Amino acid sequence: LVAFAAATGVMPLDMPESVLVRFKGKMEPGITLRDLVHAIPLYAIKQGLLTVEKKGKKNIFSGRILEIEGLPDLKVEQAFELSDASAERSAAGCTIKLDKAPIIEYLSSNIVLLKWMIAEGYGDRRTLERRIEGMEKWLADPQLLEPDADAEYAAVIEIDLAEIKEPILCAPNDPDDARLLSDVQGEKIDEVFIGSCMTNIGHFRAAGKLLDSHKGQLPTRLWVAPPTKMDAAQLTEEGYYSVFGKSGARIEIPGCSLCMGNQARVADGSTVVSTSTRNFPNRLGNGANVYLASAELAAVASLLGKLPTPDEYQQFMAQVDKTASDTYRYLNFDQLTQYTDKADGVIFQTAV
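Every number in the numbering used here is 900 more than the matching position in the sequence shown, counting from 1.
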């Protein structure tokens, strides 16, 4: 294809079809965005658009664009959780329809972060400067893409949030095998991993608040790995690293950790609850059986040594809900002096 383009000056590309996932209503108490991530394959299975069985497998998402709407007020960090998982749907890409406000908030924060990165010596400086200029240009005239009113889709999946009353997991060892918690409750859990790019700082605060109420040794082996060093620094400042340490958790350096499958491994044949992106066979450990779940459910499983019942889960989540506004705060770097002080001193050195 590249040679053809070089010879003719034209590269023919087929535009993938789109699958629309439309959420409606409000989330029920105790339900997390990770549950909505897993609701997508669950509802696709219900509509006959996705099968778990490999022989003759059906996957409506494969090679198509996953378009998500109905959650316009999500923070960008939250939207990432939904778009990140589009790879596990085998989608070619993902879009999420958001209002302008959360995007403006995120880009304003991100500009400060990128300037801080320049001040800290991150490279490539020219690339970072161009990216900042691009963000500032958009903020000066914020415009968003909109779907055509008469857009056609390969399929439309409607998800009523009022119907989701308990967590949704993906069972071992297939990210398409979405199941309700009540279908797998009571399963003994050996190890728990809270980390990967599917997590953000709010997840670790929630897990920390649940763990802080526990006394004594955990019945599971708990791994904790914030995705970025900025998250790790803030969690340390807020005292959560102390909570994780007291619980006996193995605290990994920020990054992929267990999710990558080549940095550390769970015990052979163990049953695991993980917040990672995927649970392919042998990825986290040889012969491991891995459930994918929210950080909140993972923390509860680490405390109980088993997958809880929906009622047990909701009892724990009642603790988190009391301080939800404080727990699910995101890193707005334009409001943190340790970043703004350095960012304010950055002078662009290159023409962009």
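Even glycine gets a Cβ: it sits at the ideal position worked out from N, Cα and C.
The model shown is predicted, which means the values in this text are computed figures rather than measured ones.
In angstroms with no decimal places, state the Cα-to-Cα distance between residue i and residue j.
i            : j            : result
residue 942  : residue 1019 : 45 Å
residue 1013 : residue 907  : 42 Å
residue 927  : residue 1061 : 5 Å
residue 1156 : residue 1125 : 7 Å
residue 960  : residue 1133 : 41 Å
residue 905  : residue 963  : 22 Å
residue 1114 : residue 1200 : 10 Å
residue 992  : residue 1023 : 29 Å
residue 1220 : residue 967  : 31 Å
residue 1252 : residue 1033 : For residue 1252, the predicted model reports a pLDDT of 46, less than 50, meaning its position is unreliable and no value from the coordinates is stated.
residue 920  : residue 972  : 15 Å
residue 1077 : residue 1191 : 10 Å
residue 1139 : residue 1063 : 37 Å
residue 1000 : residue 1237 : 25 Å
residue 1106 : residue 1162 : 27 Å
residue 1198 : residue 1174 : 7 Å
Taking the continuous beta strand (DSSP E) assigned at residue i, which residues delimit it?
i            : result
residue 1125 : 1121-1125
residue 995  : 993-996
residue 906  : Per DSSP, residue 906 belongs to no beta strand (DSSP E); it is in the alpha helix (DSSP H), 902-908.
residue 1145 : Counting along the chain, residue 1145 falls outside any beta strand (DSSP E), though it belongs to the alpha helix (DSSP H) covering 1140-1146.
residue 1078 : 1078-1080
residue 1171 : 1171-1174
residue 1093 : 1091-1095
residue 1191 : 1189-1192
residue 1069 : 1068-1070
residue 1167 : That residue, residue 1167, is in no beta strand (DSSP E); it is neither H nor E in DSSP.
Can you say whether residue i is buried or exposed, counting buried as having 16 or more other CB atoms within 10 angstroms of its CB?
i            : result
residue 989  : buried
residue 1189 : buried
residue 1027 : exposed
Just reading off the alpha helix (DSSP H) that residue i is part of, what are its end residues?
i            : result
residue 1102 : 1101-1112
residue 1004 : 1000-1019
residue 1032 : 1025-1040
residue 1333 : The chain is shown from 901 up to 1252; residue 1333 falls before or after that span and cannot be answered.
residue 1204 : 1195-1204
residue 980  : 976-984
Thinking C-beta only, is residue j closer than 8 Å to residue i?
i            : j            : result
residue 1109 : residue 1209 : no
residue 1144 : residue 1151 : yes
residue 1230 : residue 1016 : no
residue 944  : residue 1057 : yes
residue 1049 : residue 918  : no
residue 1253 : residue 1194 : Because the chain in this structure spans residues 901 to 1252, residue 1253 falls outside the shown range and cannot be described.
residue 1068 : residue 935  : yes
residue 977  : residue 997  : no
residue 1087 : residue 1207 : yes
residue 937  : residue 982  : yes
residue 1176 : residue 1159 : yes
residue 1244 : residue 1171 : no
Contact between the region 944-958 and the region 1036-1053 (3+ Cβ pairs under 8 Å): Judged by Cβ distances under 8 Å, the region 944-958 makes no contact with the region 1036-1053, as fewer than three pairs qualify.
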